[in-house]
Amino acid sequence: MPSERSILLVDGQSFYASVEKAAHPEYRDKPVAVADPERRSGIILAACPLAKAQGVTTASRVFEAKALCKDLVIIKPRMQRYITYSLLITEIFETFTPLVEPYSIDEQFLDVTGSLGLFGSAEEIAVQIQHKVKLATGVWSRVGIGPTKVLAKTATDNFAKKQPSGIYRLDHSDIEKDLWPLPVHKMFMVASRMTRRFTMWGLDTIGHIARMELPMFKKQMRRMMGKQSDIQAEYYWQTARGIDPSPVVASISAPLKSVSHGKTLRASLYTRREDIEVVLLELCIEVCRRARRLGVQGRVISLGMGETDGKRGNRFNRQLTLLHPTSLTHELSAAVLRLFEEYWQGMPVTHIMIALNQLSSDQVQQLDLFDDRYKTFELEKTTDAIKDRFGDMAIMRASSLLDAGVARERAGQIGGHFK
């Protein structure tokens, strides 16, 4: 077994656009972008290589993209399909190694160190992955290979995407000639603000950081960012040298501390108490549904809210402790309304966040002499099951049919995008 790890970072090329082109063979030779075609100022979420060649970029506006590419085909995003494809790709990866760590919906790390004896070299595994994913989904994959996660990610982002094969290996022995000449903004986790700071101090390339002795670099960082920057300095210095001890972890989980749900609102539409209360109830329904799905209930309720009248604003986040934990909608909504009435200053609301905290298992229910809480819990669980099977709009509060309701719109979305 090799002494160094063999880690892959597999990236789906123009993932959303590739999925749509696979679903629409008629667009095979056309430039395709994924966005809401009905919103001229909407954002392009993904663009295929043909569209990118004509100047269309991710995060550009729809009207800008159409101006650059007259024959651009814009397809409305379908987030549920992209999630399904991502999970399918994960299953393909798991036929090579159990050590698969999703990094984003279209990027995943694989540690294939223990699989080399079965499937061949890392490069051979990368080729097999490309073919399997392409056959199953129509998505072409770029693969970066390295002994650490940071080098595999760097190989994918800066080199594999430029190779005809879509594969590139970046070992420790290659970083001086391949990694260090790159401009500093190409370094992993260096965004525009940090780039400006580095270039202001003459650190224009990754090599400028890597060649410095760590104590000297820490001293430079303290000048830029203050005395508390030592940990950050060590992270950047190690990244520039390809050092990354973090393993590929099949699943990253931590004890659940809260269950929450929020919504950003157009303040001009939410000026009246009765309209705001509609949204509060809808968010309480979703928080309790999530809690029941996770098998938890919470004793501490929190309400966060922002409000403004255009001249002045107010933000608050307040908590309320109940006598016993709950995941029942009527109990949560009653507590949230108490907080709302006490702390809302009467201005139009811009955002709301509701959370259940201090969680415990819902296997133990507190009984009440005057309220059959267990019966209500089972009724809400039944409602959850109907929604899970037939969709979020199968059962809905009548208040959600009012103009102020947002539940119908959210029922057709995942993460704020169309399913």
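For the sequence shown, the working numbering assigns the number 4 to the initial residue and increments by one for each residue that follows.
For every residue, glycine included, the Cβ atom is placed at its ideal position computed from N, Cα and C.
The structure displayed is predicted, hence computed values, not measured ones.
Spatial distance of residue i from residue j (CA atoms)
i, j, result
"Met4", "Phe99", "Reliability fails at Met4, whose pLDDT of 40 lies under 50, so the model's placement of it is uncertain and the value that follows must be treated cautiously. Distance between the alpha carbons of Met4 and Phe99: 16 Å."
"Leu102", "Ile92", "14 Å"
"Met308", "Val282", "12 Å"
"Asp278", "Leu362", "30 Å"
"Lys24", "Glu381", "44 Å"
"Met228", "Thr202", "14 Å"
Delimiting residues of the beta strand (DSSP E) encompassing residue i
i, result
"Tyr171", "170-172"
"Glu285", "That residue, Glu285, is in no beta strand (DSSP E); its alpha helix (DSSP H) goes 276-297."
"Met219", "From DSSP, Met219 is part of no beta strand (DSSP E) but of the alpha helix (DSSP H) over 217-228."
"Glu104", "103-107"
"Thr267", "261-267"
"Phe112", "110-114"
"Gln361", "352-364"
Residue i in three-state terms, based on DSSP
i, result
"Arg321", "strand"
"His175", "helix"
"Arg302", "strand"
"His27", "coil"
"Glu381", "helix"
"Pro186", "strand"
"Ala410", "helix"
"Pro52", "helix"
"Gly316", "strand"
"Val153", "helix"
"Gly76", "A small fix is needed here, since residue 76 is Val in this sequence, not Gly. Val76: strand per DSSP, three-state reduction."
"Ser44", "coil"
"Asp14", "strand"
Limits of the unbroken alpha helix (DSSP H) element including residue i
i, result
"Ser89", "82-96"
"Lys69", "65-71"
"His134", "125-140"
"Gly120", "119-122"
"Ala36", "Per DSSP, Ala36 belongs to no alpha helix (DSSP H); it is in the beta strand (DSSP E), 35-37."
Within-8 Å CB hit, residue i to chain E
i, result
"Glu94", "Chain labels in this structure do not include chain E; a single protein chain is all it has."
C-beta contact flag for residue i and residue j at 8 Å
i, j, result
"Leu51", "Val65", "Going by the sequence as given, residue 51 is Cys instead of Leu. No, the pair does not count as a contact, with Cβ atoms beyond the cut-off."
"Tyr106", "Phe18", "no"
"Ser9", "Val115", "yes"
"Ile357", "Val290", "yes"
"Ala161", "Lys189", "Rather than Ala, the amino acid found at residue 161 in this sequence is Asn. Yes."
"Ala338", "Ile288", "no"
"Ala20", "Ala49", "yes"
"Tyr239", "Ile212", "yes"
Segment contact, 8 Å Cβ cut-off, at least three pairs: the region 263-282 with the region 388-395
The region 388-395 and the region 263-282 do not touch, with fewer than three beta-carbon pairs separated by less than 8 Å.
With a cut-off of 8 Å, do at least 3 Cβ pairs link the region 364-381 to the region 319-331?
A contact exists between the region 364-381 and the region 319-331.
Quick one: any contact between the region 66-83 and the region 5-15, if contact means 3 or more CB pairs under 8 Å?
Too few Cβ pairs lie closer than 8 Å, so no.
Quick check: the region 214-229 against the region 151-159, are at least 3 beta-carbon pairs closer than 8 Å?
Counting Cβ pairs under 8 Å, fewer than three are found: no touch.
Taking contact to mean at least 3 C-beta pairs separated by less than 8 Å, is the region 158-173 in contact with the region 141-149?
Yes: the two stretches touch, three or more of their Cβ pairs being nearer than 8 Å.
Quick one: any contact between the region 338-348 and the region 371-383, if contact means 3 or more CB pairs under 8 Å?
Between the region 338-348 and the region 371-383, the count of C-beta pairs closer than 8 Å stays below three; the two stretches do not touch.
If you pair each beta-carbon of the region 312-320 with each one of the region 383-390, do three or more pairs fall below 8 Å?
The answer is no - the region 383-390 does not touch the region 312-320, with fewer than three Cβ pairs under 8 Å.
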